[in-house]
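By this note's numbering, the letter at position 28 of the sequence shown is numbered 43, and the numbering carries on one by one without gaps.
Where is the CB? At the ideal position from N, CA and C, for every residue including glycine.
To start, the structure under review is shown below, and the notes come after it.
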Amino acid sequence: MTVIAVFNQKGGVGKTTTVLNLAASLALRGRQPVGIDLDPQAQFSSISGFAAHTGDDSIYSLFQRNRPLHELIRESASGIRVIPSHAELSKVDALYGKGYNIINKLNTSLLAEKTEGKNTPWIIDCSPLVGVLTLNAIFACDGVIVPISADYLSMNGAMQIRKTLRALEQVLKRRVHRRYLLTRFDSRRNMAKVIMNMAQTEFGTDVCDTVISENVSLAESPALNKSIFEHAPESRGAQDYAALLDELIADGFIK
Ligand SMILES: Nc1ncnc2c1ncn2[C@@H]1O[C@H](COP(=O)(O)OP(=O)(O)OP(=O)(O)O)[C@@H](O)[C@H]1O
Ligand SMILES: [Mg+2]
């Protein structure tokens, strides 16, 4: 089992797009991934066609009444399995506090889903906030992918995350592996190259070699409830997300 969280506290950098298309790419290779929507905005759920009608049908019920994860999985025809979110998830911080048990809840329930001889990839879509939900994702994951859309605020968000991860590593007593992924990359823009250089200077070999280009098909596909591989399999966006998966598997980030 490999658990990957996709997080940047800057909004709109391509977290959900990355979760959807990485999961779709894994599904095409027969890996039967599960995407967990841990964002109360529930965009990954609705794009996948699995908007939950009640909090109880969503990941909220894990926090509310310890519902096991396998009861919450929905399966699409394309092979992506999804645990949906619901707006009620935004109440978790206020209702359950920030104690260790609540922050470790997703980790505990993922460990209970471990099956001998099966290596399921779990990909978690985080909200752009560092709260109890995002801490759950970080405590549960083997690695974090930090999308950086090629602009300064998104790069600032990535530097904040490095600080947050360093602090959490003291508590977890292990290194949280990470990969910084440049998204919405337009090589014609000077800013894109400046941000790429900054990321390489700051994060070195933790920056993915693969870059996700700005691509119209990637922007279109959510409205059609499709991954890029269903919507435009020949597009640059599909090539980029397939290359990203190749890279993450080759360097052992996704096992
Ligand atoms: N490579 C890309 N090319 C073109 N458009 C993109 C690309 N990646 C993402 N987008 C578009 O940018 C917008 C934001 O992307 P997305 O929803 O994935 O970001 P997010 O980080 O999950 O946002 P939030 O913080 O609100 O959850 C969406 O409209 C999406 O379709
Ligand atoms: Mg999102």
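- Only residues of its own chain outside the window of five on either side were considered, and among them Gln58, Phe59, Asp140 have a CB closer than 6 angstroms to the CB of Thr31, listed in chain order.
- Going by C-alpha positions, Asn230 is about 7 angstroms away from Arg199.
- Secondary structure at Pro162: strand, using DSSP grouped into helix, strand and coil.
- Arg194 is positioned such that its CB atom lies no closer than 8 angstroms to that of Gly146.
- The region 103-115 makes contact with the region 66-76: 3 or more CB pairs, one atom from each, lie closer than 8 angstroms.
- Residue pairing of Cys141 in beta bridges, as defined by DSSP: Leu53.
- One Cα belongs to Lys129, the other to Thr123, and the distance between them is close to 10 angstroms.
- Taking a cut-off of 8 angstroms for Cβ pairs, the region 236-252 and the region 200-211 do not touch, as fewer than three such pairs fall below it.
- Around the CB of Asn116, fewer than 16 other CB atoms lie within 10 Å, so the residue is classed as exposed.
- Taking 7 angstroms as the cut-off, one finds no heavy atom of ligand 2 near enough to the beta carbon of Gln79.
- Sixteen is the threshold: when 16 or more other Cβ atoms of the shown chains lie within 10 Å of the Cβ of Met170, as they do, the residue is buried.
- With a threshold of 16 other beta carbon atoms within 10 Å, Thr33 meets it and is buried.
- In this structure, ligand 1 has a non-hydrogen atom nearer than 7 angstroms to the beta-carbon of Pro143.
- With a threshold of 16 other beta carbon atoms within 10 Å, Gln185 falls short and is exposed.
- Proximity to Tyr256 across Gly26, Ala42, Gly27 peaks at Ala42, based on C-alpha coordinates.
- Residue environment for Ala207: buried (at least 16 other C-beta atoms within 10 angstroms of its C-beta).
- Closer than 7 angstroms to some heavy atom of ligand 2: that does not describe the Cβ of Thr33.
- At a Cβ-Cβ threshold of 8 angstroms, Pro99 and Ala66 count as neighbours.
- Taking C-beta atoms as the reference points, Leu259 and Ile227 count as a pair closer than 8 angstroms.
- Set against 7 angstroms, the gap from the CB of Asp54 to the closest heavy atom of ligand 1 is smaller.
- Bounds of any alpha helix (DSSP H) do not take in Leu197; it lies within the beta strand (DSSP E) bounded by 192-198.
- Cα atoms of Arg89 and Val97: separation of roughly 5 angstroms, rounded to the nearest angstrom.
- At a cut-off of 7 angstroms, the beta-carbon of Lys30 counts as near ligand 2: some heavy atom of the ligand is closer than that.
- Cβ neighbours of Leu196 within its own chain (closer than 6 angstroms, five residues either side excluded): Ile160, Pro162, Cys223.
- Across the structure, Gly219 and His68 are spaced so that their CA atoms are roughly 43 angstroms apart.
- For Arg251, the uninterrupted alpha helix (DSSP H) segment begins and ends at 251-265.
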